[in-house]
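Mapping of the sequence shown onto the UniProt record's numbering: position 129 corresponds to residue 129, and the numbering continues sequentially without gaps. Every residue gets a Cβ at the ideal spot worked out from N, C-alpha and C, and that includes glycine. Below is one structure, written out as structure tokens; the observations come after it.
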Amino acid sequence: MAAPTVEPKARKRRRKTRTKNISTLPPLLASEFTARQIDLTPAKEHVICPACENRTPITGILGTPVLVPHHTTPYHHRTTTPRRCSNSNRRIILDIMTEAWRAELAERAEESAAVASRRSTKVVPRPKRGPAPTPVHRLAEHGPQSAPALPRLIPLLERARHTVDQHRAACPLCRAGGRCDAGRALEFRFAETNASCTIAREQLHHQEHRRGVSAAAPKQRRFQWAAVLPAVRDTDTRRANVPATPGRPEAPAQAGTVNVPTTA
1 MAAPTVEPKA
11 RKRRRKTRTK
21 NISTLPPLLA
31 SEFTARQIDL
41 TPAKEHVICP
51 ACENRTPITG
61 ILGTPVLVPH
71 HTTPYHHRTT
81 TPRRCSNSNR
91 RIILDIMTEA
101 WRAELAERAE
111 ESAAVASRRS
121 TKVVPRPKRG
131 PAPTPVHRLA
141 EHGPQSAPAL
151 PRLIPLLERA
161 RHTVDQHRAA
171 CPLCRAGGRC
181 DAGRALEFRF
191 AETNASCTIA
201 REQLHHQEHR
211 RGVSAAAPKQ
221 RRFQWAAVLP
231 AVRDTDTRRA
241 NVPATPGRPE
251 APAQAGTVNV
261 PTTA
């Protein structure tokens with residue numbers, strides 16, 4: 001019986017190009033590139049090569065950053081005579097921080113948006129207006145559902161507070177005292193939910209106060225009439241004993257009769 005043949009396995013290829021060869025050209029400075037020519041996103045660092053103007057990854061970020069070996073033509077343009085770029089394995093000094101690069105990139109984006117807003121745009125039909133969003137001060141009002149607003153908002157408030165705490169514990173920027181975009185958005189959502197809960201509590205308190213006042217009004221009115229009833233009867237009795245003036249008809253009302261209003 002012949003022994004079973006073992007299929008050969010391919011060796012695992014390296015994910016990044018690693019070499020000890022360093023170009024003799026002077027190193028490049030990251031600060032000399034614009035924010036759009038270089039990308040310092042972690043695990044995605046690349047730069048537009050000054051020689052061939054192709055996007056070239058940067059390797060050795062934790063050690064000696066260099067431009068990976070690349071050709072003068074983009075990798076998706078196949079050619080029978082590829083040519084190695086002169087900036088292959090050339091050192092690059094990362095003399096700018098990632099935060100400064102992101103701030104410059106955001107500033108350039110704002111400037112581009114401002115320039116685009118000054119340009120003439122094509123006239124398009126005005127879209128139809130939909131229903132306006134509910135303001136924050138009306139979020140706590142009772143909607144078509146029968147459940148009160150406050151019991152529905154309290155779990156949302158606790159969930160928003162828990163989400164903010166989790167983000168602060170996981171985000172190094174927020175944990176250090178700063179605020180990232182996601183953390184700022186979560187804090188805004190928590191503040192809106194907290195304001196809605198506060199307004200709902202005030203409305204609930206106002207409704208309970210109005211119910212108490214409306215329930216106590218009939219009893220208080222009966223007590224008021226019972227307090228003034230003797231004085232009213234005494235006044236009616238004295239009015240009935242006053243002699244009539246000649247030429248003036250007497251009042252039809254009888255002494256001692258008082259119309260006391262009744263309440264339901």
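Give the straight-line distance between the Cα atoms of residue i and residue j, rounded to the nearest whole angstrom.
i, j, result
"residue 24", "residue 92", "12 angstroms"
"residue 231", "residue 208", "36 angstroms"
"residue 175", "residue 64", "30 angstroms"
"residue 71", "residue 82", "6 angstroms"
"residue 192", "residue 126", "31 angstroms"
"residue 124", "residue 109", "25 angstroms"
"residue 226", "residue 233", "11 angstroms"
"residue 6", "residue 12", "18 angstroms"
"residue 241", "residue 222", "29 angstroms"
"residue 281", "residue 129", "Because the chain here runs from 1 to 264, residue 281 falls outside it and cannot be looked at."
"residue 37", "residue 8", "44 angstroms"
"residue 229", "residue 218", "16 angstroms"
"residue 197", "residue 210", "20 angstroms"
"residue 237", "residue 224", "21 angstroms"
"residue 155", "residue 184", "21 angstroms"
"residue 107", "residue 177", "23 angstroms"
"residue 265", "residue 20", "No answer is possible for residue 265: the residues shown for the chain start at 1 and end at 264."
"residue 49", "residue 111", "25 angstroms"
Sorted by chain position, which residues of the same chain lie with C-beta nearer than 7 angstroms to residue i's C-beta, five sequence neighbours on each side aside?
i, result
"residue 61", "45"
"residue 68", "17, 56, 57 and 59"
"residue 332", "Because the chain here runs from 1 to 264, residue 332 falls outside it and cannot be looked at."
"residue 51", "85, 86 and 87"
"residue 180", "171, 173 and 174"
"residue 201", "150"
"residue 100", "none"
"residue 133", "none"
"residue 98", "40"
"residue 214", "none"
"residue 33", "47"
In three-state DSSP terms, what is residue i?
i, result
"residue 157", "helix"
"residue 146", "Unreliable positioning characterises residue 146 in this predicted model, as indicated by a pLDDT of 39, which lies under 50. The coordinate reading is nonetheless provided below. Looking at residue 146 - three-state DSSP - the assignment turns out to be coil, as it is neither helix nor strand."
"residue 125", "coil"
"residue 199", "helix"
"residue 228", "helix"
"residue 46", "strand"
"residue 71", "strand"
"residue 84", "strand"
"residue 263", "Caution is warranted here: a pLDDT of 48 is assigned to residue 263, below 50, making its placement in the model unreliable, and the coordinate value is therefore given only provisionally. Residue state, collapsed to three classes: coil."
"residue 65", "coil"
"residue 55", "strand"
"residue 21", "coil"
"residue 212", "helix"
"residue 132", "coil"
"residue 191", "helix"
"residue 6", "coil"
Quickly, what does DSSP pair residue i with across the bridge? List them, please.
i, result
"residue 93", "29"
"residue 239", "None, per the DSSP bridge assignment."
"residue 38", "47"
For residue i, collect the residues of the same chain with a Cβ closer than 6 angstroms to its Cβ; drop the 5 residues on either side in sequence, then sort them by chain order.
i, result
"residue 329", "This structure cannot speak to residue 329, because the chain is shown only from 1 to 264."
"residue 39", "46"
"residue 189", "160"
"residue 54", "74"
"residue 102", "none"
Pop quiz: residue i and residue j are said to be a contact at Cβ under 8 angstroms. What is the actual Cβ separation, rounded to whole angstroms?
i, j, result
"residue 182", "residue 167", "7 angstroms"
"residue 29", "residue 95", "6 angstroms"
"residue 79", "residue 73", "6 angstroms"
Beta-carbon within less than 8 angstroms of residue i's beta-carbon, same chain only, minus the 5 sequence neighbours each way: which residues are those?
i, result
"residue 187", "164 and 179"
"residue 66", "22, 23, 58, 59, 60, 89, 90, 91 and 92"
"residue 169", "175"
Less than 9 angstroms between CB atoms is the rule here; does residue i satisfy it with respect to chain B?
i, result
"residue 215", "The displayed structure is made up of one protein chain only, and chain B is not part of it."
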